[in-house]
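Undergrad: I'd like to ask some things about the structure below.
There are 2 protein chains.
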Amino acid sequence: MSLTEAKQNPDTRERILDAAEALFVEHGFEATTMRLITGRAGVNLAAINYHFGSKEALIQDVFRRRLTWLNEARLSALERFEKEARGAPLKPHQIVEAFFGVSLRMAADTEHGGHTFMRLLGRTYTEPSAFVRQFLADEYAAVVPRFKQALFRALPDVPPEEILWRFHFMLGAMSYAIAGTDALQLVAEHELDEKDPEALSRRLMPFLLGGLRAPLAGQAVKAKEKTPRKAA
Amino acid sequence: MSLTEAKQNPDTRERILDAAEALFVEHGFEATTMRLITGRAGVNLAAINYHFGSKEALIQDVFRRRLTWLNEARLSALERFEKEARGAPLKPHQIVEAFFGVSLRMAADTEHGGHTFMRLLGRTYTEPSAFVRQFLADEYAAVVPRFKQALFRALPDVPPEEILWRFHFMLGAMSYAIAGTDALQLVAEHELDEKDPEALSRRLMPFLLGGLRAPLAGQAVKAKEKTPRKAA
DNA sequence: GTCTATATCATGATAGAC
DNA sequence: GTCTATCATGATATAGAC
Numbered sequence: 003m004s005l006t007e008a009k010q011n012p013d014t015r016e017r018i019l020d021a022a023e024a025l026f027v028e029h030g031f032e033a034t035t036m037r038l039i040t041g042r043a044g045v046n047l048a049a050i051n052y053h054f055g056s057k058e059a060l061i062q063d064v065f066r067r068r069l070t071w072l073n074e075a076r077l078s079a080l081e082r083f084e085k086e087a088r089g090a091p092l093k094p095h096q097i098v099e100a101f102f103g104v105s106l107r108m109a110a111d112t113e114h115g116g117h118t119f120m121r122l123l124g125r126t127y128t129e130p131s132a133f134v135r136q137f138l139a140d141e142y143a144a145v146v147p148r149f150k151q152a153l154f155r156a157l158p159d160v161p162p163e164e165i166l167w168r169f170h171f172m173l174g175a176m177s178y179a180i181a182g183t184d185a186l187q188l189v190a191e192h193e194l195d196e197k198d199p200e201a202l203s204r205r206l207m208p209f210l211l212g213g214l215r216a217p218l219a220g221q222a223v224k225a226k227e228k229t230p231r232k233a234a
Numbered sequence: 003m004s005l006t007e008a009k010q011n012p013d014t015r016e017r018i019l020d021a022a023e024a025l026f027v028e029h030g031f032e033a034t035t036m037r038l039i040t041g042r043a044g045v046n047l048a049a050i051n052y053h054f055g056s057k058e059a060l061i062q063d064v065f066r067r068r069l070t071w072l073n074e075a076r077l078s079a080l081e082r083f084e085k086e087a088r089g090a091p092l093k094p095h096q097i098v099e100a101f102f103g104v105s106l107r108m109a110a111d112t113e114h115g116g117h118t119f120m121r122l123l124g125r126t127y128t129e130p131s132a133f134v135r136q137f138l139a140d141e142y143a144a145v146v147p148r149f150k151q152a153l154f155r156a157l158p159d160v161p162p163e164e165i166l167w168r169f170h171f172m173l174g175a176m177s178y179a180i181a182g183t184d185a186l187q188l189v190a191e192h193e194l195d196e197k198d199p200e201a202l203s204r205r206l207m208p209f210l211l212g213g214l215r216a217p218l219a220g221q222a223v224k225a226k227e228k229t230p231r232k233a234a
């Protein structure tokens with residue numbers, strides 16, 4: 003420890019971020035008080051205002067810490083597929099993989115907090131607080147248009163508006179899937195095998211693809227004789 | 003007006019319920035103060051405690067007012083299909099219609115508050131507050147097992163555990179679909195034609211069915227040698 | 001950088017006049 | 001049943017000693 007920097011406890015910031023992240027998932031933003039956060043982090047009450055300025059700024063930093071990376075990973079996954087495709091439209095399963103697969107992999111990381119964060123993120127999509135919503139919109143501004151374009155090209159027969167809705171539906175399904183234990187107990191009284199995070203991906207991805215490529219409302223017949231959609 | 007009941011303003015209760023419902027959707031439970039509620043309802047601050055006893059009791063009454071009816075409607079729709087089927091397993095689309103179709107029809111009712119309530123309900127599935135979660139679990143206790151059984155019978159080739167997950171995914175997709183304007187703005191910068199509520203049903207139901215009946219993970223092309231699969 | 005102590009404010013709830 | 005006035009509590013945020 004040098005004399006100039008009196009950083010006695012260099013990870014105070016991180017401890018606060020970790021504690022806040024976990025508590026926000028558990029109790030929501032409003033119900034999570036600064037006393038709760040600093041208590042769990044084992045730091046002083048005043049530390050939040052010193053390190054972040056305000057509770058609101060802390061919330062934003064909790065997101066920024068991981069969301070920036072996540073969206074970059076989503077984009078680079080998409081770009082990797084696009085490079086492979088050499089200008090041809092991507093397959094739907096590739097786009098879904100780039101966006102949701104990357105998310106699920108982050109959610110599978112229980113060691114470094116990725117799981118907790120993804121639960122928080124899913125919960126926050128429906129968070130009505132104005133400044134959080136605005137913040138999310140900014141963070142997604144670079145990512146969403148790219149995926150929209152890719153989906154439009156991949157599914158030229160589906161009206162763009164329909165694709166946007168289905169993208170939205172997929173977001174909802176994933177968020178609930180990750181929120182997991184909380185909401186799932188409504189439908190399953192006993193614990194499901196949430197232990198294996200890889201399993202969630204194997205369960206969710208087929209569901210998403212099935213929904214994304216489902217026949218449109220008007221054109222579905224009794225799809226018995228019809229050949230089932232080929233799964234890529 | 004009789005002399006015995008001094009109900010000067012018989013709809014004060016309802017006015018409070020309406021205001022609370024709308025504000026809970028907009029700001030969440032914690033952030034919605036009793037002053038906000040009584041202010042919007044145009045009643046006195048003390049009225050909530052007089053009529054409901056506490057804020058917590060008010061929250062429960064907001065749900066009870068509509069959720070009881072909703073779940074009865076879901077059940078009777080299911081029973082109508084089961085009567086028609088005469089002991090044969092239902093079609094998946096019938097089960098989805100009974101549960102989600104009924105919900106969407108309620109969400110389509112913008113006149114009498116059904117829309118607002120369904121948004122609140124969707125938002126609340128991920129609500130972490132303990133007493134709300136317990137309350138929801140109780141309200142769903144009579145409904146969920148019936149739908150689970152119907153799905154198990156309708157999809158004998160799909161492992162029950164998988165069906166529960168897909169039920170869960172469907173709940174998530176629907177909740178987001180109804181939450182609508184809030185979360186959707188992430189993916190669609192402009193307003194979609196949310197005006198027509200019937201349109202949502204035409205969009206969501208195919209998606210749900212497509213996901214519910216999607217081929218299982220190992221089953222499609224990437225054949226794991228592990229499980230013998232039957233033709234789709 | 002960290003702590004104690006505190007300022008300031010908003011909350012849920014209640015007592016009591018009308 | 002409705003209102004005003006108020007209590008006790010707990011919130012965010014800050015000042016100032018160390």
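So the sequences go chain by chain: A and B. For the first sequence, this note's numbering assigns the number 234 to the last residue and increments by one with no breaks. For the second sequence, this note's numbering assigns the number 234 to the last residue and increments by one with no breaks. We put the CB at the ideal spot given by N, CA and C, even for glycine.
#1: When you compare the CB of A:Lys9 with every CB in chain B, is at least one pair closer than 9 Å?
#2: Pull out every residue of the region 161 to 183 of chain A whose Cβ sits closer than 9 Å to any Cβ of chain B, in chain order.
#3: Would you kindly work out how many angstroms separate the C-alpha atoms of A:Lys150 and B:Lys93, rounded to a whole number?
#4: Under the three-state reduction of DSSP, which class applies to B:Glu113: helix, strand or coil?
#5: Using a C-beta to C-beta distance shorter than 7 Å, which residues of chain B count as neighbours of A:Gln96?
#6: Give me the Cα-Cα distance between A:Leu122 and B:Gly89, rounded to the nearest whole angstrom.
#7: Under the three-state reduction of DSSP, which class applies to B:Leu92: helix, strand or coil?
#8: So which residues of chain B does A:Pro217 contact, with C-beta pairs closer than 7 Å?
#9: Report buried or exposed for B:Gln96, applying the criterion of at least 16 other Cβ atoms within 10 angstroms of its Cβ.
#10: Where does B:Asp20 land, buried or exposed, given buried means 16+ other C-beta within 10 angstroms?
#11: Measure the alpha-carbon distance for A:Ala219 versus B:Arg204 and round it to whole angstroms.
#12: Would you identify the three-state DSSP class for A:Thr40, choosing helix, strand or coil?
#13: With 16 other CB atoms within 10 Å as the buried threshold, where does B:Glu86 fall?
#14: Taking C-beta to C-beta, are A:Arg68 and A:Met36 nearer than 9 Å?
#15: First and last residue of the alpha helix (DSSP H) that includes A:Leu19?
#16: Is the CB-CB distance between B:Val160 and B:Arg168 below 9 Å?
#17: Between which residues of its own chain and A:Ala100 is the CB-CB distance below 7 Å, once the five residues before and five after are set aside?
#18: Go through its chain and collect everything with a Cβ distance to A:Phe171's Cβ below 8 Å, but skip five positions before and after it.
TA: The structure says:
#1: Here the model assigns A:Lys9 a pLDDT of 47, short of 50, so the residue's position is not dependable, and the following value carries that caveat. Judged by the 9 Å Cβ criterion, A:Lys9 is not in contact with chain B.
#2: Glu163, Glu164, Leu166, Trp167, Arg168, Phe169, His170, Phe171, Met172, Leu173, Gly174, Ala175, Met176, Ser177, Tyr178, Ala179, Ala181 and Gly182
#3: Straight-line measurement puts the Cα of B:Lys93 at about 33 Å from the Cα of A:Lys150.
#4: coil
#5: The contacting residues do not exist; A:Gln96 stays about 14 Å from chain B at best.
#6: 44 Å
#7: coil
#8: Those within 7 Å of A:Pro217 in chain B are Pro208.
#9: Around the beta-carbon of B:Gln96, 16 or more other beta-carbon atoms lie within 10 Å, marking it buried.
#10: buried
#11: Distance between the alpha carbons of A:Ala219 and B:Arg204: 6 Å.
#12: Taken through DSSP and simplified to helix, strand or coil, A:Thr40 comes out as helix.
#13: exposed
#14: No; because the gap between Cβ atoms is not below 9 Å, this pair is not in contact.
#15: Thr14 to Ala33
#16: A contact, by the Cβ cut-off of 9 Å.
#17: Excluding sequence neighbours, A:Ala100 sits near Arg76, Ala79, Leu80 and Phe83.
#18: Excluding its 5 nearest sequence neighbours in each direction, A:Phe171 has C-beta neighbours in its own chain below 8 Å: Gly213, listed in chain order.
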